[in-house]
Structures are given as structure tokens and as C-alpha cells.
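Protein chains in written order, with the numbering used here: chain A, 1 to 273; chain B, 1001 to 1649.
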């Protein structure tokens, strides 16, 4: 009588965990987190990375995703952790995965995990928001009003209905960028002839709360406190995550891979820097 | 010959104008392209440019094998480029119209109107309104007669193009049959004509295409009608246009191992797998099945080509599932070896194999076991199609009740828990009783299954849809069942299944109402007069007719009333009317190779419950295809083995 359970078979154990820092650029900003998951799993297969799998009826590759940027947002700082059945050189895995992923999902760094949880090293993000067709002076006024407010309730539709979030509480830092630097891979020249040619760039650090306050919610808050009608951009804002990490006391974000990198640098097999 | 190249200046990418709108639409990723294995060729380095469309949403269209194959075949040719476009959802359509952005390709976001050819692949007639909408969004006049030199030549292909008469107003040409070779022939003809400086303009190009005998150009044919609405004659109106246009048949599939590099989308699509067509054509002779009739004869891919394609396709894509496709995959002469050897090769790699379209026999359960050894074991699907023994004789689906019970018993005994059974409602000569017998059958299946499994934890799902008579089949003369009768019959079956106290809980029931089938029937067996209905439906907002949330039966009926106001015909005339033997059918001048007398004889056999065997294993029945088309059955076994491969584990 055949069993209804899958055949007992050897599931190769995880012998190494790697942490990957990657970017989501250009037109790939429109991918959702689920899209990335599928693309990444296929890239792992194509790159012949010896990924570990869970046991059971439908084995899953051991991949953990950490707080992905939402659909429409580009990112310079996304993180994934993978489990391998065979030890691999992190840098070789970096180039193999970068090669196997479509242009726009660019692998920046791969390090060996040395313990601790990646999620514990991330509690805030730094975002850049380009408001095409918005006068930077109008944006600066709104930012000032925003920062002065004690709380700014904004409404958002979530899965379980309408929720009111405090946009102000999540914002650690908010400024109009005076020296706009073009983030890598972000398309330029979107402003069409005849459109207002102004462009305000916001730089913000937002804490990860539950439910999450997104850059969009901060924009909603800015529009609420702003007297200026010009803050409603004629085109959708271009949002890019610049960094993720743990907020230190000075309001800076600590690189979440730094402890792993330091440990690798300190290991006897590697030359110390 | 770069001097004769036209618009060598590449049209600018529309993406910069599109991007700011994409945040405002659902699933924007479907419009950005960037699929693995897609490519963008340099515009000015090419002199023949194709835009290919599968006229449905991206999530359906991207997976279409026909478009993927032609995309790759064309792009492999020097100086030829092919890009793809899909139907845009109404939210983006509204923004595109507001911001004046034309229909674009997802590869380089070029305007569809800038290409030489706009080729559409139709698997279903319900994509016709999406074609009209795409033409309109592209800025191409929707009616062929209004187009000039500056517009692409619009060509239809695919199974639903075997009767292109209903879309004759909108297309410049149609191609019947396999596209791999004819798309190259069309490209060569166009290249030569362009290099000669486009003598005679668009008309001359179309005439050169028509003269090949295998490309149908509707404008070169006149249709005349009897007073009662029937067609009197279809006659060529140009010298060189053949009286009959032939279908194309690709022989030796081993020479055409496409897709070699499957497109892997960023977006989620309906099939996340690498599909290999293991053979083309089917001679089982199911009388309702248009695909089986128009794709004759059977041409198998050999086991080693299949093995090589699977290997290359998985490496190029990273997919973890392989689908072995065909109209009846278990009929491949070496399917047992294919399944076993692929199973051996990918053992322990988390690669799963699937075999859609299987017949009802116990052998298929063994196959399914083979296929599921590297993956999960969920459900098995079988298609007896007809509910009663008599119905199955009428449709020539040679499955007995014992076959079915034996098959599902084997499946349940071997650990499968769920079996799906497909049926049709509204088949010729069918009565309520034929359909109600489905409930008895399902009851016996569960009864036998519980015994075999030694458990009550088994289920069976009955799925049933309305039958639509199709051109080029023995049922092309049949009366379609009206939607009221279809719905009433299905309701009776539902009540009977639910009333079964002992088994109702174990039997699932899925059915579709009869209304979409009537529209499909109108479009399938219609003639040129139906084009006005399609246009009217599109004007009235009709899009995505294959989607229940967008389909509106009332819109179609309203449009038909307007379009047929001055005609002696109506929707019933096209659908529920049985045709006489001597009636000129709208597609009689389009040659699928099937002899009309043979089809008629088969129709008569159907009416007297006479079955016909499969010509792969019995002598020829003179259906006409091989004689007319100069083709032959190509089947194994080859006896060859797959070479061992080094597979990543």
C-alpha cells in the first residue's frame, strides 16, 4: 500500500548562510515583492547555487526576505538571506546571482552570516522622494510645517479596512535635498515639454512601525499640513529607498551587514584590513 | 541595401511618458517588459519588423507558445526584429487615451503603428474585441480598407483564424496552420518588395502574399448571398488569388526545437513552467475537437529532442516545472520512456514534470505516478466529455464506463485523493438524460474509489461547459444548444448531484452558464457580416470578452440587433440552426486538408452512434489531410535513450 506521505529522503542540511544586499532599479521598481521572490528563486537555480530546501511534500528553498520595498518604489538597499548545502565563496555567489538576475535587480554584496538575526539589525529606512513638477520652495514650507506638528494622522486603506496612522511619529528626519544627486539607475528626464519643470527632492528617514508608515503616507501628511496647492504633483512621485539599518542615537542608520563583514575580516583565513 | 530602408530612424521609446502613469494602474510590472531571454534588436539594422500580439492580458498572453516560438524564430534572422504587445487593462487604456500614448511593445516600448507587420495569434474568438481595441490604441485604422502605406499589415493566425471571415474587415491577411515556416516566407516576400522600392504599394505586397497559395487576403475575395441569408459563393476577385487557401504543416519537429530560450517574465503569469510540445496533431478523431481536426497529421518529437529541449530550456529559464504539451500527451509513442528517463534525470532536484491533457486509461495513472515522484501528488484530471455511453459514441470519445471506473479506482488505490472529470453539455442529439447520467457516473466513481482507497477521504469534481460547434469539424453542420436549454440542463444535473445524500459531499460541481458559448458560437461559425457586430460591441465598450467580469452577453445581443437590422440573419441563425449538406460554409475556401465529404460522412456516423478508430494504429480513413497537404504521420518509437546529463542537485 503506497504511503500518502512523501518518500523519506535525505534533505541536505544547511551548512552555510549567506546575506545578500541588492538593489531594485529602473523599470524593475514596478515589481512586487512576490515578483522578486519568483525571479530570485529561478536565478538561484540558473546560477547553480546549492540552495538548501525544507523537507516535506513541497520542499521550499531556504530563502528569507527582509522587509521588501513596495511595488513602485526603487531601492538601493534590499536584503535576503539564503541557506546553502555546500560552502561557497560569498563573492563567487555574488557574481553568479548578479549574472542570473535581470538587469535592475543588481547584487551589491554577499557576506557570510555570522549569527544574530538580520531583521534585528534593521528598524528604519532612508528614502528619497522625487516630486516631479513640484517647486522646492513649496516643499520646504510643507516640510517645516510637518516637522512642527506633534502628530499628523493620515488615513490609509489596509487589508482589514481603513486605518489612521500617525505619519509624524514615524519620521525621524525629513528635509528638502538642496544638492540633488541622481540615484544610480534612476531614470532622468521624465519631465515632459509643457510640464512644470520644477522638481523637489525629499530626503527622509522613517522608522519601521506596525502598521508600516510608508513614504506615501508621509506625502499625504505633507499635503495635509501644507497651505500650498502646488504640493500635489502632476506626476506620480518617484520613491527610492537609499538605505536600511538600525537607527543609532545620532539618527544615522548602521549598515546591517557590517557585523558579518567585520567578522569575516577578523577570521584567521582572511587577511585583516 | 540600407538605402531602401524605411523609417530607419528608430521611433523613440514611449517608456519615459508611460512610466509616470504606471504608478496609477494595477500590476504595472506587466507593462515594463524585461523578461529573461527577451531581446531588443537595433531598429535601423533591420529591414523587416514584426510586432506580435496575443490579444489578452499579459498574464495569459506571455505564456502563449505560438507567440514565443515566432518571436524567437523571427529574431534569429539577421535584419529582422520582432517585439511583443499584449492587451492593456481598462485602467491603463484610459490613461493612454488621456495622455495620447499609443499601443506599445513591451520589449522596447515602441509604438505598434511603426512596425511593418502586426501579427496576432488567436486561440479563441473571444480575443477579437481586444484586437480591435489594440488597433485603435495603436492609431491604426480598425478597418483594413482605411489603411495605407504608413500602416502595418495586420495578419491573424492561430486556431481561431481557421475561420477568419468574422474578422475579415479588420485584418489584411490570415494564415492557417503552423507558423514557423510561413512567417519566414512572409518576411522574405516583404523584404524583397521593400528592396525593390515597394512597387505597387500595399496592394502589390498583399497580392504577392496571396499568390503563395497559403496566405489568405480577404479583400481579394467577394462573398455573395442568397436572399435567405445563406452564402451563394465566395469567389476570388483578383488574378493570382487562389480559389482555395491551404494550411501550413510543419514536418519534422526535431528540426524546429522552439522555444529554445523561453521567456521568463518578472510578473506572475498563468503557467510558471517550461513547456515542450512533445507532438503536434491528434488523430483520435473526437468529433467536437477543432484542434484535433485542424492540426492533422500527428507529428512526434523524438525522445532525444525532447530531452535536449528540456535540458536547455530549464538551464535557460530556471523554471522548476516542465510541462509536456500536446493535444493528448500520453499518446506519444515513447511517453513511458520519456517520463521514466526524465524522472530519473531530475530525481532529487525538485524539478517537477506535468502532463496536461491525458486520456482516461489506467496506463495514465502509472504515468502520473512516474511524473509525481519528484513533486507533489495532488489531483488527476480526466475528460470523458460525454456523460452517457451513447453520447461518447456520438462524439467518438472511445471511453467506456468500465474504463473510467477502472482508471479512477487505480488512481485512488495508488494514493491520489482527488479526481477531476470534464464533460460537455449541449452535444448533438443530447437529451437531459445523457447529462443526468453524469451524476450516476460520479456516484460510481466515489463508490469504487472509497472501496479502493479504504477511506472516505476522497473526492471527485465534475466540471462541465457548454459545447460550441466549430468549423472544420464533423459538427460544423450541427445546431448549437440555446443557452436557456443549456442552463436548464445544467441546473437539473446540479440538483441531482446535490440530492444524493450519501455522496453529495464528495462530489464537487463546477459549471459555466451557456451565454458566453452562444457568443463564441456566433464568432466561430459566422461570416463577414458578423464583423459589424464585433465593431459595435467594441464601440459599446466591449473588451476582454474571455473574462467573466468583463464579458457582457447583453452587449453582444444589443450589438447584433443593430448590426443585423437590415439582414435576413440573426444570432440564432448563426448558432442554433442546423446546416444542410449543400450549404456553402463561410470557411469552405479555406483548406484545412479535411475532405468535406469525409467530414459529412463522419457527421452522419455521429448521428448513428458509429465510432471511428485512430489512424495511427489502423488503416487510413481518407480524411483527406495527408493526400491534400502532402504530409504523413510521423511517430516513433525510436528506441533511443536520453543521454545522462550532469544535473545540479
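Just so you know, even glycine gets a beta-carbon here, dropped at the ideal spot from N, CA and C.
Residue i - containing beta strand (DSSP E), residue span
i, result
"residue 1050 of chain B", "1048 to 1057"
"residue 1336 of chain B", "Per DSSP, residue 1336 of chain B belongs to no beta strand (DSSP E); it is in the alpha helix (DSSP H), 1335 to 1345."
"residue 1484 of chain B", "First-last for residue 1484 of chain B: 1483 to 1499, but that is the alpha helix (DSSP H), not the beta strand (DSSP E)."
"residue 24 of chain A", "16 to 24"
"residue 1419 of chain B", "1418 to 1425"
"residue 1229 of chain B", "It is not in any beta strand (DSSP E) - residue 1229 of chain B carries neither H nor E in the DSSP assignment."
Within chain B, the residues that residue i reaches when beta carbons sit closer than 8 Å
i, result
"residue 55 of chain A", "Ordered by position in chain B, no residue passes the 8 Å Cβ test against residue 55 of chain A, which lies about 12 Å from the chain."
"residue 27 of chain A", "1015, 1019, 1032, 1033 and 1034"
"residue 246 of chain A", "Ordered by position in chain B, no residue passes the 8 Å Cβ test against residue 246 of chain A, which lies about 30 Å from the chain."
"residue 256 of chain A", "Within 8 Å Cβ-Cβ: nothing; residue 256 of chain A doesn't reach chain B, min ~26 Å."
"residue 104 of chain A", "1034"
Best match in the options for proximity to residue i [C-alpha to C-alpha]
i, options, result
"residue 1056 of chain B", "B/1337, B/1332 and B/1130", "B/1130"
"residue 1034 of chain B", "B/1105, B/1064 and B/1356", "B/1105"
"residue 1438 of chain B", "B/1390, B/1451 and B/1591", "B/1390"
"residue 1313 of chain B", "B/1542, B/1501, B/1277 and B/1563", "B/1277"
"residue 1380 of chain B", "B/1431, B/1303, B/1318 and B/1463", "B/1463"
"residue 1096 of chain B", "B/1069, B/1052, B/1031 and B/1066", "B/1031"
"residue 1159 of chain B", "B/1210, B/1133, B/1071 and B/1296", "B/1296"
"residue 1535 of chain B", "B/1525, B/1515, B/1548 and B/1557", "B/1557"
"residue 1193 of chain B", "B/1047, B/1171 and B/1355", "B/1047"
"residue 1355 of chain B", "B/1634, B/1370 and B/1581", "B/1370"
"residue 1274 of chain B", "B/1291, B/1323 and B/1298", "B/1323"
"residue 1421 of chain B", "B/1625, B/1112 and B/1401", "B/1401"
"residue 1553 of chain B", "B/1585, B/1522 and B/1221", "B/1522"
"residue 173 of chain A", "A/157, A/33, A/126 and A/45", "A/126"
"residue 86 of chain A", "A/27, A/156 and A/12", "A/12"
"residue 93 of chain A", "A/207, A/200 and A/17", "A/17"
"residue 1454 of chain B", "B/1478, B/1479 and B/1410", "B/1410"
"residue 1111 of chain B", "B/1316, B/1052 and B/1166", "B/1052"
Residue interval of the alpha helix (DSSP H) (run including residue i)
i, result
"residue 224 of chain A", "215 to 225"
"residue 1405 of chain B", "1401 to 1413"
"residue 1128 of chain B", "1128 to 1138"
"residue 1090 of chain B", "1090 to 1099"
"residue 1560 of chain B", "1553 to 1563"
"residue 1452 of chain B", "1432 to 1453"
"residue 46 of chain A", "33 to 46"
"residue 1071 of chain B", "1065 to 1075"
Amino acids of chain A, ordered along the chain, whose beta-carbon sits closer than 7 Å to that of residue i
i, result
"residue 1350 of chain B", "53 and 59"
"residue 1379 of chain B", "Near residue 1379 of chain B there are no residues of chain A at all, since even the closest Cβ is about 14 Å away, more than 7 Å."
"residue 1264 of chain B", "42"
One or two residues paired with residue i in a DSSP bridge
i, result
"residue 1177 of chain B", "B/1248"
"residue 1538 of chain B", "According to DSSP, residue 1538 of chain B bridges with nothing at all."
"residue 274 of chain A", "Here chain A covers residues 1 to 273 and nothing more, so residue 274 of chain A does not appear."
"residue 127 of chain A", "A/204 and A/241"
"residue 1331 of chain B", "The partner list for residue 1331 of chain B (beta bridge, DSSP) is empty, contrary to what the question assumes."
"residue 1084 of chain B", "B/1052"
"residue 1476 of chain B", "Note: residue 1476 of chain B sits in no beta bridge, so no partner."
"residue 1118 of chain B", "B/1051 and B/1154"
"residue 253 of chain A", "A/247"
Residue i vs residue j beta-carbon contact at 7 Å
i, j, result
"residue 1446 of chain B", "residue 1425 of chain B", "no"
"residue 165 of chain A", "residue 216 of chain A", "no"
"residue 147 of chain A", "residue 237 of chain A", "no"
"residue 1442 of chain B", "residue 1518 of chain B", "no"
"residue 1468 of chain B", "residue 1520 of chain B", "yes"
"residue 1209 of chain B", "residue 1267 of chain B", "no"
"residue 122 of chain A", "residue 245 of chain A", "yes"
"residue 176 of chain A", "residue 73 of chain A", "no"
"residue 97 of chain A", "residue 43 of chain A", "yes"
Listed by chain order, chain A residues near residue i by CB distance under 9 Å
i, result
"residue 1268 of chain B", "32, 34, 35 and 38"
Partners in chain B for residue i, counting only beta-carbon separations shorter than 7 Å
i, result
"residue 43 of chain A", "1318"
"residue 161 of chain A", "Simply none; closest approach about 20 Å."
Interface residues of chain B facing residue i [CB-CB closer than 9 Å]
i, result
"residue 236 of chain A", "1019, 1020, 1021, 1022, 1023 and 1024"
"residue 72 of chain A", "1022, 1023 and 1028"
Proximal residues of chain A, C-beta to C-beta of residue i below 8 Å
i, result
"residue 956 of chain B", "Outside the displayed range of chain B (1001 to 1649) lies residue 956 of chain B, so it cannot be described from this structure."
"residue 1088 of chain B", "Within 8 Å Cβ-Cβ: nothing; residue 1088 of chain B doesn't reach chain A, min ~14 Å."
Proximity test, residue i beta-carbon vs the ligand FMN heavy atom, cut-off 6 Å
i, result
"residue 244 of chain A", "The ligand FMN is not among the ligands present in this structure, which contains no ligands whatsoever."
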